[in-house]
Structure formats: C-alpha cells, structure tokens
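Worksheet: one structure, shown below.
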Amino acid sequence: PVLVVDFGAQYAQLIARRVREARVYSEIVPHSMPVAEMLAKDPAAIILSGGPSSVYEPGAPSLDPTLFDNEVPVFGICYGFQAMAQALGGTVAHTGSREYGRTLLSAQGGTLLRELPADLPVWMSHGDSVAVAPQGFAVTASTPGAPVAAFEDLTARRAGVQFHPEVAHTEQGQRMLERFLYDIAGLEPTWTPDNIIEDQVALIREQVGDKQVICGLSGGVDSAVAAALVHKAIGDQLTCVFVDHGLLRAGEAEQVEKDYVAATGIRLKVVDAADVFLGHLAGVTDPEQKRKIIGREFIRTFEAAARELDAERHIEFLVQGTLYPDVVESGGGTGTANIKSHHNVGGLPDDLQFALIEPLRTLFKDEVRALGAELGLPDEMVHRHPFPGPGLAIRIIGAVDRDRLDILRAADLIAREELTASGLDRDVWQFPVVLLADVRSVGVQGDGRTYGHPVVLRPVSSEDAMTADWSRLPYDLIAKISTRITNEVREINRVVLDVTSKPPGTIEWE
Ligand code: XMP
6 PVLVVDFGAQ
16 YAQLIARRVR
26 EARVYSEIVP
36 HSMPVAEMLA
46 KDPAAIILSG
56 GPSSVYEPGA
66 PSLDPTLFDN
76 EVPVFGICYG
86 FQAMAQALGG
96 TVAHTGSREY
106 GRTLLSAQGG
116 TLLRELPADL
126 PVWMSHGDSV
136 AVAPQGFAVT
146 ASTPGAPVAA
156 FEDLTARRAG
166 VQFHPEVAHT
176 EQGQRMLERF
186 LYDIAGLEPT
196 WTPDNIIEDQ
206 VALIREQVGD
216 KQVICGLSGG
226 VDSAVAAALV
236 HKAIGDQLTC
246 VFVDHGLLRA
256 GEAEQVEKDY
266 VAATGIRLKV
276 VDAADVFLGH
286 LAGVTDPEQK
296 RKIIGREFIR
306 TFEAAARELD
316 AERHIEFLVQ
326 GTLYPDVVES
336 GGGTGTANIK
346 SHHNVGGLPD
356 DLQFALIEPL
366 RTLFKDEVRA
376 LGAELGLPDE
386 MVHRHPFPGP
396 GLAIRIIGAV
406 DRDRLDILRA
416 ADLIAREELT
426 ASGLDRDVWQ
436 FPVVLLADVR
446 SVGVQGDGRT
456 YGHPVVLRPV
466 SSEDAMTADW
476 SRLPYDLIAK
486 ISTRITNEVR
496 EINRVVLDVT
506 SKPPGTIEWE
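First residue of the sequence shown: 6, per full-length UniProt numbering; consecutive thereafter.
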C-alpha cells in the first residue's frame with residue numbers, strides 16, 4: 006500500500022481517498038508508528054500529511070529521519086513537507102508570518118507540476134516556510150509567502166509541496182498527486198472494485214470455512230454491500246436479519262424484502278417489531294431518550310432473532326458494514342463498536358458471541374458504492390441516501406405515534422419522488438423531511454381555515470456527513486414539493502426550508 010502518515014490534521018483521510026481515486030491502494034497510519042513497522046508493511050510509497058502549522062510548535066510531532074535511510078518514495082504535504090525538509094538537512098524558517106487560504110502558485114517546471122498552468126490557485130495553511138531545500142532537491146514552485154513551495158528529487162523519488170493538493174480548492178491537485186504516484190514513485194493505477202471483490206471473497210472463504218454466518222441488514226448501503234459480498238463468497242451459509250421497527254420510510258421494508266433478495270438471492274428473516282418499538286416510544290419527546298430506546302430495542306430484537314436462528318443452525322460469525330472512516334476515527338482498528346453506538350443502530354451489539362466479519366473496513370463510502378454496483382446490486386440501493394438507524398423517530402419533533410409516522414411518510418415520499426423526477430438525486434447527499442408535530446399554524450385552504458402542522462425540508466450536500474451545507478435546490482422544485490405536500494397531506498398546511506449548514510446545525514433535527 007501507499008502509507009499516509011497522519012500528523013494529526015483532518016487531511017489524512019482526504020489524502021488517502023485521493024490516492025485511491027488515483028486507483029492506488031492507500032492506508033492511514035499514525036505518525037507515532039515506528040519506522041520499522043511502517044517498512045514492515047512494504048509500502049509502495051509514503052505520504053506525510055499536514056499537521057500543526059509549524060515544526061517549531063511546542064509538541065509538534067517529530068519525523069524519524071531514518072525513514073530516509075531506505076528507498077521508499079516519499080511525498081511531503083504542508084507540515085510533512087517541512088518535516089521532510091528539516092530531516093533531510095534543509096532549513097525551515099521560523100518566519101512567524103502566516104499564509105492561509107487560496108493563493109497563487111508560480112510553477113517553474115519539474116515533474117510534479119509538469120504541464121500545469123504557470124499561475125495556479127492552491128490552498129495554503131502554514132506558519133513557517135521552507136527557506137532552503139535539502140541537497141539534491143530542485144525547487145519547482147513558489148508563492149508570495151513561501152519561496153520554496155514545491156521541491157523534488159527524482160533520483161531519490163522524493164517530492165513535497167507546501168500547499169494542500171488533496172483539497173478541492175487546489176485546482177489540479179489530483180493531477181499533482183497522480184504525477185507523484187505514477188511519474189515519481191512509478192506506481193500503476195491498478196486498484197479497482199474488481200480486485201477488491203476477488204481479494205475479499207478469498208479472505209472471507211478462508212475465515213469462515215464451512216461455518217454459518219449472520220448479518221443484520223439496515224436497508225442502508227453499507228450493510229447491503231457487506232452482505233452481498235459475503236454472500237458471493239459463501240452463498241447459503243449466510244442468513245440476513247432485517248428488523249422492521251416501524252420507523253421506516255414508505256416502501257423501505259418492501260425494497261429490502263423484494264428488490265434486494267431478488268438481486269442477491271440472500272436468505273432473509275424479517276422481524277416485524279413495530280408494535281414493540283412504538284410501545285416503548287409512546288409519549289417520549291427527548292431526542293436522546295428516543296435514540297436510547299431504539300438502540301436498546303434494536304439489540305434485543307436482533308438478539309432474539311439470532312437466538313432463534315442459532316437454534317436451527319449454529320452461527321459463529323457476524324457481518325458488519327464497518328467502513329474505513331469508522332476504523333480510523335476509532336484509533337485504527339479496535340473498538341469500532343464505540344463510535345457506532347450513536348451513529349449506527351443498524352450496527353450490532355458487541356457482546357454477541359460471534360466473531361466479526363468486516364469486509365468493508367478498508368473502504369470509503371464511494372468505494373463501497375462502486376463495489377455494490379460491481380456486485381450487481383440495484384442502482385436505487387447502491388445510490389441510496391443515508392438514512393439514520395433511528396429512522397423517522399428522530400424526524401418527528403415531539404412524541405412518535407402511528408398517525409404522525411403516516412403523515413411524515415406521506416410528505417417524505419413526495420419530496421423523494423420529486424427529487425428523483427428532477428434528476429438531482431446524486432447532487433444531494435441526503436434530504437430529510439422533518440415533522441414539527443407539536444407546532445400548529447393557521448392556514449387557509451379552499452374556503453376554510455386550517456390549523457395544521459409544518460414540515461421542514463432539509464436537503465443537504467456533503468462529502469462525508471461530518472460537515473454539510475444546505476442544498477440550493479431549484480426554486481421550481483421546492484415549489485412543486487411544497488404544493489404537492491400541502492395538497493396531498495391533509496394535516497400539513499405549511500412547508501419550510503432549512504437553510505442551516507453543519508456546523509452549526511446537524512443534518513438531522515434530533
Ligand atoms: P447528524 O445529524 O449528526 O448526522 O449531522 C450525520 C449523519 O449520520 C446520520 N445519523 C445516523 N445514522 N444512526 C445512523 O445509522 C444514527 O443514530 C444516526 N444519527 C444520525 C444522519 O442521517 C447523517 O447522515
């Protein structure tokens with residue numbers, strides 16, 4: 006793999022993604038990993054990420070110079086660039102001046118920046134600067150605040166840049182990364198969904214042998230793709246369980262039952278637990294309490310289903326749709342259940358007596374989608390918007406009951422239908438519709454007064470749900486959704502648009 010050494014900035018994940026977009030497999034490792042351990046992974050190249058703004062900052066992580074005692078190609082970015090310069094005998098000037106945001110790079114040839122415009126917008130965020138490049142390095146670019154903004158040593162296969170090629174604000178950043186990977190490090194773009202499937206199928210077969218496996222399907226992309234992959238590997242040894250908690254959107258349970266099973270041939274056990282969930286949720290208005298009840302009941306229901314199944318066929322393994330960001334955020338491998346306790350009710354209890362199979366734990370969401378498509382899952386499933394485990398319960402502001410769920414389901418369906426009809430599904434990350442069940446306002450419809458509820462439209466765009474912005478949907482589309490909802494859903498007489506980014510808002514209202 007290409008190792009991305011994480012110096013503590015939020016950029017490491019982005020770099021790893023960009024490398025994979027260049028069809029080269031990458032992994033993130035912490036900067037505290039000893040060099041010997043990095044080398045033991047047999048890295049095809051090493052990328053040093055950004056981090057604190059200065060190598061002189063107190064507590065700034067150091068870079069072990071023995072990294073450069075061997076021939077692995079190295080690319081330094083921002084902090085990694087400075088650390089690399091320092092370790093190789095260059096000079097980093099403690100200037101105290103800062104350069105943040107968009108700036109113009111003037112490139113002077115070289116391989117990394119070959120055939121790029123001479124004046125190129127790049128994204129900077131640094132305090133100190135490299136003043137003198139290490140011996141053997143050619144300086145190939147500068148900016149107003151950084152006399153040495155890029156350097157390269159083609160013989161040693163090392164290069165670095167002061168700016169951030171991985172962010173979208175750096176135009177041509179992806180090309181620069183590719184120049185490093187292909188032209189300087191000499192790597193081939195061979196990492197494809199096909200390879201992933203083959204590798205994973207072999208691994209799963211080896212891990213499972215002839216044992217039985219269970220998987221909880223949430224209806225979401227991750228568990229669907231994980232199950233499809235495991236099914237490809239071991240076929241009938243897999244049984245899936247889908248808990249219908251009564252908080253799903255219109256058509257959702259049916260989609261899993263029919264489309265998914267039809268596409269994959271997976272054996273599915275559907276548990277109808279709506280009465281139980283709604284019983285426990287009756288009268289509850291506090292968001293955290295709702296989440297806790299749903300989490301708890303989900304686990305109980307799943308465990309009961311697993312026990313029943315286990316009586317028929319002894320189950321030894323549990324499939325989880327854990328993704329790479331989950332693994333990284335939890336500190337690189339252990340305790341993945343933790344971060345998911347809030348965010349993935351579709352995820353499962355860790356005190357179950359099963360060994361885990363996590364075939365997606367090296368992948369990002371977009372890669373999982375590509376894999377799903379490759380595995381032949383229906384398009385609607387693969388490109389489905391994320392839907393939270395607690396379902397519509399956290400989109401009803403106020404207590405949850407069947408009537409309110411029906412109202413929200415009807416409004417939500419209209420919003421989804423119209424979004425799809427407008428062809429904008431893929432431009433929107435997610436489109437929650439939220440029912441303000443305890444709020445009423447006066448309206449007029451036909452000749453009469455109405456006293457109904459508002460719904461909130463919350464379309465957002467995002468890369469990873471950590472941050473988000475409200476989607477600028479066309480007014481015509483919003484108007485159409487509004488008109489249809491107020492016409493077709495009797496209890497709703499007002500439609501409002503949420504124009505809050507995240508932060509400060511979250512995507513969901515609860
Ligand atoms: P927030 O509301 O925190 O949501 O901005 C970020 C993303 O996570 C989803 N979400 C959840 N997903 N279980 C899940 O599986 C949950 O408990 C949960 N809460 C929020 C949300 O829909 C958005 O995509």
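Glycine included, every Cβ here is placed at the ideal spot set by N, Cα and C.
What you are looking at is a predicted structure, and each value in this text was computed from that prediction instead of being measured.
Same chain, Cβ closer than 6 Å to residue i, five either side skipped, listed in chain order
i           : result
Pro508      : none
Leu68       : Ala88, Ala92
Ala238      : Val206, Ile209, Arg210
Ser59       : Gly132, Asp133
Tyr30       : Pro6, Trp196
His347      : Because His347 carries a pLDDT of 43, less than 50, the predicted location of this residue cannot be relied on, and the following value inherits that uncertainty. Result list for His347: empty, nothing under 6 Å.
Ala21       : Val9, Ser31, Ile33
Pro464      : Val433, Phe436, Ser476, Leu478
Leu502      : Leu462
residue 520 : Since the first and last residues shown for the chain are 6 and 515, residue 520 lies out of range.
Gly510      : none
Ala65       : Pro57
Buried versus exposed, by CB contacts within 10 Å (16 or more), residue i
i      : result
Tyr456 : exposed
Tyr480 : exposed
Thr367 : buried
Lys46  : exposed
Met471 : exposed
Val449 : exposed
Asp331 : buried
Thr488 : exposed
Val405 : buried
Ser37  : exposed
Glu496 : buried
Pro39  : exposed
Residues near residue i in its chain [Cβ-Cβ closer than 8 Å; skip 5 each side]
i      : result
Leu482 : Glu423, Leu424, Ser427, Leu429
Cys245 : Ile219, Cys220, Gly221, Leu222, Ala232, Ile271, Arg272, Leu273, Lys274
Tyr265 : Leu222, Ala229, Ile271, Leu273, Leu382, Pro383, Met386
Gly338 : Interpretation of Gly338 is limited by its pLDDT of 36, a score under 50 that renders its predicted location unreliable; no figure is taken from the coordinates.
Arg414 : Arg254, Ala255, Leu397
Ile299 : His250, Leu252, Phe282, Leu286, Val350, Gly394, Pro395, Gly396, Ala398
Ala258 : Gly224, Phe247, Asp249, Val275
Gly340 : At Gly340 the pLDDT is 28, less than 50, meaning the model places this residue with poor confidence and gives no usable figure here.
Of the listed residues the options, nearest to residue i (C-alpha basis)
i      : options                        : result
Met43  : Leu53, Pro57, Leu8             : Leu8
Lys297 : Met38, His36, Ile399, Met471   : Ile399
Ser130 : Gln113, Asp124, Pro78, Ile82   : Ile82
Gly326 : Asp277, Gly377, Ile512, Gln358 : Gly377
Arg477 : Ala484, Ile486, Lys485, Ser466 : Ser466
His169 : Leu323, Thr108, Gln260, His319 : Thr108
Leu314 : Gln242, Lys295, Lys370, Ala268 : Gln242
Phe142 : Ala41, Lys295, Ala155, Ala112  : Ala155
Tyr16  : Leu186, Ala173, Glu321         : Ala173
Ala41  : Ala442, Phe73, Glu262          : Phe73
His390 : Glu176, Glu493, Glu468         : Glu468
Simplified DSSP state of residue i, which is helix, strand or coil
i      : result
Asn349 : Low per-residue confidence applies at Asn349: pLDDT is 48, beneath 50, and the placement is therefore not dependable enough to give any value.
Gly337 : In this prediction, Gly337 scores a pLDDT of 46, lower than 50, which makes its location untrustworthy; no coordinate-derived value is stated.
Lys237 : helix
Ala19  : Residue identity differs from the one stated: residue 19 is Leu in this sequence, not Ala. Of the three classes helix, strand and coil, the one that applies to Leu19 here is helix, per DSSP.
Ile201 : helix
Gln212 : helix
Ala173 : coil
Val500 : strand
Lys485 : helix
Met471 : coil
Ile412 : helix
Tyr329 : helix
Phe185 : helix
Gly178 : helix
Thr71  : helix
Tyr30  : coil
Val230 : helix
Arg38  : Per the sequence presented here, residue 38 reads as Met, with Arg not at that position. Met38: coil per DSSP, three-state reduction.
Cutoff 7 Å; reference residue i; Cβ partners in own chain excluding five residues on either side
i      : result
Val137 : Gly95, Thr96
Ala279 : Asp249, His250, Gly251
Arg407 : Leu283
Arg374 : Val226, Val387, His388
Asp188 : Thr116
Gly114 : Thr145
Cβ of residue i within 7 Å of any chain B Cβ
i      : result
Glu183 : In the structure shown, chain B does not exist; there is a single protein chain.
- [ ] Could you tell me which uninterrupted beta strand (DSSP E) segments, each at least 3 residues in length, are contained entirely in the segment 358–392, listed from first to last along the chain?
- [x] 360–362, all fully within the segment 358–392.
Open item on the list: Which complete alpha helix (DSSP H) runs does the segment 79–116 hold, if anything under 4 residues is left out?
Closed with: Within the segment 79–116, the runs of alpha helix (DSSP H) that reach at least 4 residues and sit entirely inside it are, in chain order, 84–92.
TODO: Identify every run of the alpha helix (DSSP H) within the segment 243–316, keeping only runs that are complete inside it and at least 4 residues long; order them along the chain.
DONE: For the segment 243–316, whole alpha helix (DSSP H) runs of length 4 or above, ordered along the chain, are 266–269, 279–286.
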